[in-house]
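**Student:** My structure is below; once you've seen it, I'll send some questions.
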Amino acid sequence: MCYAIPGQVKAINDKTVVVDYFGEEKRAINDLINLNIGDYIYAQGGYVIEKVAPAQALEVLALWKETFFELQEVDVRLSKLYFEEGYHDTKLSRILDRALERSSLSRSDLHYLFSVEEKAANAFIYKCANFLRQKYLKNSCCVHGIIEISNICSQNCFYCGISSHNQQIKRYRMSEQEIVDTALSAIKDYGFKALVLQSGEDSFFSPDKIAKIIREIKKQAGVLIAISFGEIGFDGLKTVYDAGARAMLMRFETSNPLVYSRLHPGRNLDTRIAHLKRAGELGYLIMTGALVGIPGQTPDDVFNDIFLAKELNAEMFSFGPFLPHPNTPIAGYLPWDKDKIFKVLAIARILDPENAKILVTTAFETLHPDARKEGLLCGANSVMLNVTPAKYRALYSLYPNRAHVSESINSQIQDILALLRSLGRAPTDLGVSEKIFLMEQSITEGAL
Ligand code: SAH
206 MCYAIPGQVK AINDKTVVVD YFGEEKRAIN DLINLNIGDY IYAQGGYVIE
256 KVAPAQALEV LALWKETFFE LQEVDVRLSK LYFEEGYHDT KLSRILDRAL
306 ERSSLSRSDL HYLFSVEEKA ANAFIYKCAN FLRQKYLKNS CCVHGIIEIS
356 NICSQNCFYC GISSHNQQIK RYRMSEQEIV DTALSAIKDY GFKALVLQSG
406 EDSFFSPDKI AKIIREIKKQ AGVLIAISFG EIGFDGLKTV YDAGARAMLM
456 RFETSNPLVY SRLHPGRNLD TRIAHLKRAG ELGYLIMTGA LVGIPGQTPD
506 DVFNDIFLAK ELNAEMFSFG PFLPHPNTPI AGYLPWDKDK IFKVLAIARI
556 LDPENAKILV TTAFETLHPD ARKEGLLCGA NSVMLNVTPA KYRALYSLYP
606 NRAHVSESIN SQIQDILALL RSLGRAPTDL GVSEKIFLME QSITEGAL
């Protein structure tokens with residue numbers, strides 16, 4: 206995991222460089238830039254994305270030094286493990302002891318964690334997940350930006366509000382220039398160091414066109430770009446990787462082939478998974494996961510979803526609730542309760558304490574207003590901010606009433622930085638804005 210602060214190159218072994226962040230050493234792949242030992246760089250998701258002039262790097266590092274360690278202290282304090290007074294559940298303790306020792310959990314253990322309902326039991330499960338996150342992944346939290354470049358979609362996914370089922374929304378497609386300008390503004394004006402470009406399956410954006418856009422952005426700024434355009438074909442994946450994309454966000458949606466085929470008539474789960482595997486082989490960082498609470502899905506399916514995301518070596522897990530959209534065939538199907546979604550995040554962390562970044566999705570924030578804070582306290586360590594131009598955002602209506610849809614980029618940034626500060630977390634993908642971050646009041650536990 207990388208920080209959005211400059212690191213100094215300590216060693217270079219072929220394409221791998223060792224980078225120092227205030228004494229913490231991390232590794233990153235350098236496939237873009239001519240580097241020497243002693244250079245300062247920004248790295249994201251394990252990739253060097255930009256070289257920084259020493260004077261500029263030292264200025265940012267001076268601003269950050271104290272905050273860096275203060276945040277870590279707050280995080281350690283907030284992730285201590287304890288049972289609520291007067292509560293005891295021997296079976297739960299045994300299961301969580303094994304999780305903390307990193308012994309594997311059985312299916313029946315997972316069912317027990319998932320189905321236990323007492324508030325104190327759940328609080329302890331969340332604390333364990335948070336403890337594991339802190340122990341293995343420390344306090345860095347991804348803050349990616351997402352630009353939704355088109356809501357035009359040829360697919361008929363039963364749950365999705367921008368699918369061909371929805372005859373009532375106004376469709377939009379950003380121009381290539383608009384996409385480049387939006388990305389450059391997110392990077393240069395707001396400090397984003399990792400951006401996701403997403404759309405419906407819109408054939409206008411051929412791999413060549415996507416490649417051209419990415420080349421243009423990368424020519425002008427250092428950034429980690431993730432693509433999220435669905436299944437663009439193996440050749441398409443290669444074309445876009447060669448243009449400089451280094452991550453792919455694509456959920457497999459469900460690992461149960463029957464549930465998948467019912468919700469995606471005419472499509473095949475194997476093809477989707479093959480794309481994820483191919484992308485991984487090409488060198489893309491994989492961000493994947495599943496919808497939680499779709500018709501026909503069982504808790505066992507969800508455990509399998511987590512295992513599949515792990516098997517795909519996902520850099521980031523994206524598990525979020527299904528929310529019904531009125532203009533789709535499953536409009537009347539109710540979402541799962543918020544506690545079940547928290548449980549999925551916590552179980553995902555317990556099953557993968559060391560590797561995955563776990564996202565708190567906007568869908569979850571739409572279901573439950575405190576999902577972001579509570580999710581970050583039950584194992585998650587990643588969020589995405591919407592940097593789509595305001596005039597298009599409401600039209601990207603995967604589900605109704607999306608959280609943050611009318612908030613300016615500035616206010617989204619202020620809110621996440623205040624929340625992260627209160628939790629002792631360091632934003633990993635927001636660079637320039639550390640100035641805003643440091644201007645905020647001194648670190649407190651805020652509303653905790
Ligand atoms: N075309 C891209 C992006 C699809 S939209 C692709 O195929 O990957 C991004 C994600 O939104 C989907 O993967 C799906 O998991 C999620 N989504 C769609 N409809 C939703 C709904 N009703 N509730 C919650 N999430 C939804």
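Under the numbering used here, the first residue of the sequence shown carries the number 206, and numbering increases by one thereafter. Just so you know, even glycine gets a beta-carbon here, dropped at the ideal spot from N, CA and C.
Does the ligand SAH have even one heavy atom less than 7 Å from the beta-carbon of R456?
**Tutor:** yes
**Student:** Where does A260 land, buried or exposed, given buried means 16+ other C-beta within 10 angstroms?
**Tutor:** Result: exposed.
**Student:** Assuming V592 and A391 are in contact, meaning their beta carbons sit under 8 Å apart, how far apart are those beta carbons, in whole angstroms?
**Tutor:** 4 Å
**Student:** By Cβ distance, which residues of its chain are closer than 6 Å to N218, with the 5 residues on each side in sequence left out?
**Tutor:** none
**Student:** What does the alpha-carbon distance come out to for the pair D294 and G584?
**Tutor:** 21 Å
**Student:** Whole angstroms are fine: how far does the CA of Y245 sit from the CA of L268?
**Tutor:** Here the alpha carbons of Y245 and L268 stand approximately 16 Å from one another.
**Student:** Using a threshold of 8 Å, state whether the C-beta atoms of K343 and Y317 are closer than that.
**Tutor:** no
**Student:** Do G250 and L402 have their C-beta atoms within less than 8 Å of each other?
**Tutor:** no
**Student:** On the criterion of 16 or more Cβ atoms from any shown chain inside 10 Å, does Q425 qualify as buried, or is it exposed?
**Tutor:** exposed
**Student:** Taking the DSSP output, what are the residues bridged to Q213?
**Tutor:** D225, Y245
**Student:** Any heavy atom of the ligand SAH closer than 7 Å to the beta-carbon of A568?
**Tutor:** yes
**Student:** In the structure shown, what three-state DSSP assignment does I340 receive?
**Tutor:** Looking at the sequence provided, one finds Lys at residue 340 rather than Ile. Looking at K340 - three-state DSSP - the assignment turns out to be helix.
**Student:** Report the CB separation of G449 from K423 in whole angstroms; it is logged as a contact under 8 Å.
**Tutor:** 4 Å
**Student:** Whole angstroms is fine: what's the gap from S460's alpha carbon to N241's?
**Tutor:** 44 Å
**Student:** In chain order, what residues of the same chain have a beta carbon less than 6 Å from the beta carbon of P558, not counting five sequence neighbours either side?
**Tutor:** L337, Y341
**Student:** Do the CB positions of L556 and F524 come within less than 8 Å of each other?
**Tutor:** no
**Student:** State whether the region 377-388 contacts the region 586-603, with contact taken as three or more CB pairs (one from each stretch) at a distance under 8 Å.
**Tutor:** yes
**Student:** Using alpha carbons as the reference points, say which of V588, I478, D225 lies closest to K515.
**Tutor:** I478
**Student:** Taking 7 Å as the line, does the beta carbon of E406 fall inside it for any heavy atom of the ligand SAH?
**Tutor:** yes
**Student:** To the nearest whole angstrom, what separates the beta carbons of S587 and M521, a pair I think is in contact under 8 Å?
**Tutor:** So it is a contact: roughly 6 Å between Cβ atoms.
**Student:** Rounded to a whole number of angstroms, what is the C-alpha to C-alpha distance between I648 and G629?
**Tutor:** In this prediction, I648 scores a pLDDT of 37, lower than 50, which makes its location untrustworthy; no coordinate-derived value is stated.
**Student:** Give the straight-line distance between the Cα atoms of L400 and F273, rounded to the nearest whole angstrom.
**Tutor:** 24 Å
**Student:** Whole angstroms is fine: what's the gap from R607's alpha carbon to S359's?
**Tutor:** 22 Å
**Student:** Could you tell me which uninterrupted alpha helix (DSSP H) segments, each at least 4 residues in length, are contained entirely in the region 485-544, listed from first to last along the chain?
**Tutor:** If we require 4 residues or more, the alpha helix (DSSP H) runs fully inside the region 485-544 come out as 504-516.
**Student:** Find out if the Cβ-Cβ distance for the pair G655, I254 is shorter than 8 Å.
**Tutor:** The shown model of the chain, from 206 to 653, leaves out residue 655, and the question about it has no answer.
**Student:** Count the other CB atoms, across all protein chains shown, that sit within 10 Å of the CB of Y287; report buried if there are 16 or more and exposed otherwise.
**Tutor:** exposed
**Student:** To the nearest angstrom, how far is the alpha carbon of A248 from that of I535?
**Tutor:** 42 Å
**Student:** Does the beta-carbon of D544 have 16 or more other beta-carbons within 10 angstroms, so that it is buried, or is it exposed?
**Tutor:** exposed
**Student:** Skipping 5 residues on each side, what residues in its chain have a beta carbon closer than 7 Å to that of R577?
**Tutor:** V565, E570, V588, L624
**Student:** For the ligand SAH, any of its heavy atoms closer than 7 Å to the Cβ of Q403?
**Tutor:** yes
**Student:** Taking 7 Å as the cut-off, does the CB of S616 come closer than this to any heavy atom belonging to the ligand SAH?
**Tutor:** no
**Student:** Between R456 and L517, is the Cβ-Cβ spacing less than 8 Å?
**Tutor:** no
**Student:** Could you tell me if E322 is buried or exposed, where buried requires 16 or more neighbouring beta carbons within 10 angstroms of its beta carbon?
**Tutor:** exposed
**Student:** Assuming S611 contacts G366 (C-beta within less than 8 Å), just tell me the rounded distance between them.
**Tutor:** Between G366 and S611 the Cβ distance is about 17 Å, and since that is not below 8 Å, they are no contact.
**Student:** Report the rounded CA-to-CA distance for F547 versus G580, giving the unit in angstroms.
**Tutor:** 6 Å
**Student:** Compute the minimum distance between the beta carbon of Y157 and the heavy atoms of the ligand SAH, and state whether it is under 7 Å.
**Tutor:** The requested residue 157 does not occur in the structure, where the chain is confined to residues 206 to 653.
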